[in-house]
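Worksheet: one structure, shown below.
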């Protein structure tokens with residue numbers, strides 16, 4: 001039995017699962033104060049015997065295994081969680097290996113082990129919702145570096161029909177500032193799921209997302225790109241993104257993956273369980289994670 005936590009800024013989804021990826025039971029806990037939230041997490045797992053605990057968390061989070069603040073939530077706008085020692089708190093309470101990563105890295109890893117990327121060795125998982133974030137698995141290994149990638153904040157070219165200011169408090173018109181759910185609402189005046197499929201907003205949205213995916217394809221060269229999050233539940237956006245992606249790439253990359261764009265840019269097979277099953281995958285395959293030595 002393995003434990004899994006999808007630690008989100010709005011809710012914490014906790015689960016118990018098997019090595020097959022099957023979730024035995026799960027619950028959702030509102031993310032309030034660290035004291036209240038952690039108490040409820042501990043209550044959920046009380047009496048369970050787990051071999052390891054996998055955690056995919058909101059961030060930013062310190063993922064440098066040599067850092068004194070490894071596993072701390074850092075400069076999050078959720079002020080009560082700023083500098084919170086999430087890893088140490090979980091490790092000291094459960095006394096089992098704790099494997100912690102970003103929520104999007106976890107989702108990417110989960111799709112690789114249990115979902116829509118099982119047949120490839122590299123993928124990018126990008127969530128488009130309240131914010132935009134992305135995780136990457138290359139040759140079976142999660143991408144880190146000096147911390148963790150912040151692919152949601154890359155710069156994109158402004159669409160000629162877009163005169164919005166962008167909503168990112170740090171960068172204004174970065175990808176998240178122009179293509180997140182709040183950016184769609186700021187531009188159109190309504191939430192995305194209330195917009196008609198023919199609204200020009202979706203062409204603008206597809207343009208920004210296609211720019212990002214082109215950058216990922218050129219820099220990381222993943223064999224599959226998975227788009228999740230609330231915005232991408234609007235299934236009519238996928239054909240627009242794929243078409244814009246092909247136009248922008250303009251034939252520069254030609255291989256069996258990119259040439260079949262319908263199977264290259266896809267929704268998550270694991271659906272709403274991508275994050276939780278990703279955390280479960282982190283726990284099960286902890287030996288594969290380079291910072292598990294902690």
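In UniProt numbering, the protein residues as written are 1 to 294.
Note that CB positions come from ideal geometry on N, CA and C, so glycine has one too.
Quick caveat: nothing in here was measured; it's all calculated off a predicted structure.
Local conformation of residue i per DSSP, three classes
{"i": "residue 288", "result": "Residue confidence is low: residue 288 scores 47 on pLDDT, short of 50, so the model does not pin down where it sits. Its coordinate-derived value is still stated next. Looking at residue 288 - three-state DSSP - the assignment turns out to be helix."}
{"i": "residue 28", "result": "strand"}
{"i": "residue 221", "result": "coil"}
{"i": "residue 134", "result": "strand"}
{"i": "residue 248", "result": "helix"}
{"i": "residue 87", "result": "helix"}
{"i": "residue 52", "result": "coil"}
{"i": "residue 110", "result": "helix"}
{"i": "residue 45", "result": "helix"}
{"i": "residue 301", "result": "Residue coverage of the chain in this structure runs from 1 to 294, which leaves residue 301 outside it and unanswerable."}
{"i": "residue 154", "result": "coil"}
{"i": "residue 11", "result": "strand"}
{"i": "residue 19", "result": "coil"}
Between the CA atoms of residue j and residue i - distance to the nearest angstrom
{"i": "residue 271", "j": "residue 230", "result": "11 Å"}
{"i": "residue 17", "j": "residue 99", "result": "15 Å"}
{"i": "residue 128", "j": "residue 79", "result": "23 Å"}
{"i": "residue 169", "j": "residue 49", "result": "43 Å"}
{"i": "residue 241", "j": "residue 207", "result": "7 Å"}
{"i": "residue 39", "j": "residue 61", "result": "21 Å"}
{"i": "residue 268", "j": "residue 85", "result": "30 Å"}
{"i": "residue 118", "j": "residue 110", "result": "9 Å"}
{"i": "residue 262", "j": "residue 198", "result": "21 Å"}
{"i": "residue 26", "j": "residue 234", "result": "26 Å"}
{"i": "residue 14", "j": "residue 37", "result": "11 Å"}
{"i": "residue 151", "j": "residue 243", "result": "21 Å"}
{"i": "residue 101", "j": "residue 260", "result": "31 Å"}
{"i": "residue 1", "j": "residue 281", "result": "12 Å"}
Within 8 Å, strictly: CB atoms of residue i and residue j
{"i": "residue 219", "j": "residue 245", "result": "no"}
{"i": "residue 52", "j": "residue 283", "result": "yes"}
{"i": "residue 24", "j": "residue 41", "result": "no"}
{"i": "residue 200", "j": "residue 164", "result": "no"}
{"i": "residue 143", "j": "residue 223", "result": "no"}
{"i": "residue 202", "j": "residue 237", "result": "yes"}
{"i": "residue 176", "j": "residue 131", "result": "yes"}
{"i": "residue 74", "j": "residue 83", "result": "yes"}
CB-CB length for residue i against residue j, believed under 8 Å
{"i": "residue 4", "j": "residue 274", "result": "Not confirmed; about 12 Å, so no contact."}
{"i": "residue 108", "j": "residue 137", "result": "5 Å"}
{"i": "residue 134", "j": "residue 156", "result": "Not quite, the Cβ-Cβ distance comes to about 13 Å (not below 8 Å), so this is no contact."}
{"i": "residue 124", "j": "residue 253", "result": "Wrong, their Cβ atoms sit about 14 Å apart, outside the cutoff."}
{"i": "residue 153", "j": "residue 171", "result": "6 Å"}
{"i": "residue 277", "j": "residue 71", "result": "That pair is no contact at about 21 Å."}
{"i": "residue 12", "j": "residue 31", "result": "6 Å"}
{"i": "residue 257", "j": "residue 113", "result": "Between residue 113 and residue 257 the Cβ distance is about 19 Å, and since that is not below 8 Å, they are no contact."}
{"i": "residue 64", "j": "residue 140", "result": "The Cβ separation is near 21 Å, so there is no contact."}
Subject >> Validate contact between the segment 45 to 61 and the segment 4 to 15 using beta carbons, cut 8 Å, 3 pairs >> reply: yes
How about the segment 240 to 257 and the segment 179 to 190: do they share at least three Cβ pairs that are nearer than 8 Å?
no
- Message: Closer than 8 Å is the cut-off here; do at least three beta carbon pairs connect the segment 41 to 54 with the segment 88 to 104?
- Response: yes
Pairs of beta-carbons, one from the segment 210 to 226 and one from the segment 189 to 201, closer than 8 Å: are there three or more?
no
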